[in-house]
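Heads up: the sequence shown begins at 1 in UniProt numbering, then just goes up one per residue.
Read through the structure below, which is laid out as structure tokens, and then see the notes.
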Amino acid sequence: WWKRYLTQLQMSQFIALMIHGAIPVFHDCGFPPYFGYLTIFEAVLFFVLFFNFYVKTYLRNNNLRQENGLRQENGLRQEAVKSR
């Protein structure tokens, strides 16, 4: 159950890294701005990868499970138990 929240936390960490990397780009603080561009690029890249994983794993699969009558327990896919 905690993996979804860890992924959300990591995505918010990449957003914070984008903001942190933008500081030398927009403010002259003596730090080379190309490092800021590199940091922003890396953070955007990882954010997109993690967001793609998040959508495929947690959003799209939950919709498919609901449509197919499947449920998820402890991160494992199990078929719903039908009453006899």
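For glycine and all other residues, C-beta sits at the position ideal for the given N, C-alpha and C.
What you are looking at is a predicted structure, and each value in this text was computed from that prediction instead of being measured.
The region 7–14 touching the region 28–37, judged by at least three CB pairs closer than 8 angstroms: Cβ pair count under 8 angstroms is below three, so no.
Residue range of the unbroken alpha helix (DSSP H) whose run includes His-20: Here the alpha helix (DSSP H) through His-20 covers 2–26.
Cβ neighbours of Met-18 in the same chain (closer than 6 angstroms, five flanking residues each side left out): Cβ neighbours of Met-18 within its own chain (closer than 6 angstroms, five residues either side excluded): Ile-40 and Ala-43.
Proximity winner among Phe-50, Val-55 and Arg-60, relative to Gln-13 (alpha-carbon distances): Comparing Cα positions, the closest option is Phe-50.
Glu-42 at chain B interface by Cβ criterion, 7 angstroms: Absence of chain B from the displayed structure is noted, only one protein chain being present.
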